[in-house]
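In this note's numbering, the protein residues as written are 28 to 177.
Even glycine gets a Cβ: it sits at the ideal position worked out from N, Cα and C.
Source: prediction; values computed, not measured.
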């Protein structure tokens, strides 16, 4: 009896979570360092702002399970290098800029210090480690230009 009452009481919460929880991005670091344009769909993308700002242009959409990572660890002689203040992650220098009208497909990882131009399509599962000019289709690990997006 109690189980059924509890199930009925929780049903609206479960429906809400199934509908919206998977469509909420996660920001690790200062969320003020994430600048999002108009009509952008983030789904459940993970944004790490530990080592830079992230800006996303208008009309850009993300597939599921993408990662946009400014955070970086620096190594010296096989060990994580400590910076001033005893931290091992720099606060600045690894900004990510994503242009307008882009499609970042599911499972894409974008690492710090890159700029992606306007109207770029990044294929599912790609790892973007270098700048991508506007109007390109890229894919692979690491991502490489496949063809023009015209």
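Item, Value
"Helix, strand or coil at residue 103 [DSSP, three-state]", "strand"
"Cβ-Cβ distance between residue 73 and residue 53 below 7 angstroms", "yes"
"DSSP three-state assignment for residue 84, whether helix, strand or coil", "coil"
"Rounded separation between residue 154 and residue 103 - CA only", "24 angstroms"
"Rounded separation between residue 165 and residue 150 - CA only", "6 angstroms"
"Local Cβ density within 10 Å of residue 62, reported as buried at 16 or more and exposed below that", "exposed"
"Residues bridged to residue 75 [DSSP beta-bridge criterion]", "55 and 96"
"Contact belief for residue 71 with residue 100 at Cβ below 8 angstroms, rounded distance in angstroms", "Not confirmed; about 24 angstroms, so no contact."
"Closest Cα partner of residue 146 within the set 157, 128 and 159", "128"
"Beta-bridge partners of residue 156, as assigned by DSSP", "DSSP lists no partner for residue 156."
"Buried/exposed call for residue 59, threshold 16 Cβ in 10 Å", "exposed"
"Rounded separation between residue 95 and residue 57 - CA only", "14 angstroms"
"Of the listed residues 84, 77 and 158, nearest to residue 130 (C-alpha basis)", "84"
"Enclosing beta strand (DSSP E) for residue 136 [first to last residue]", "136-138"
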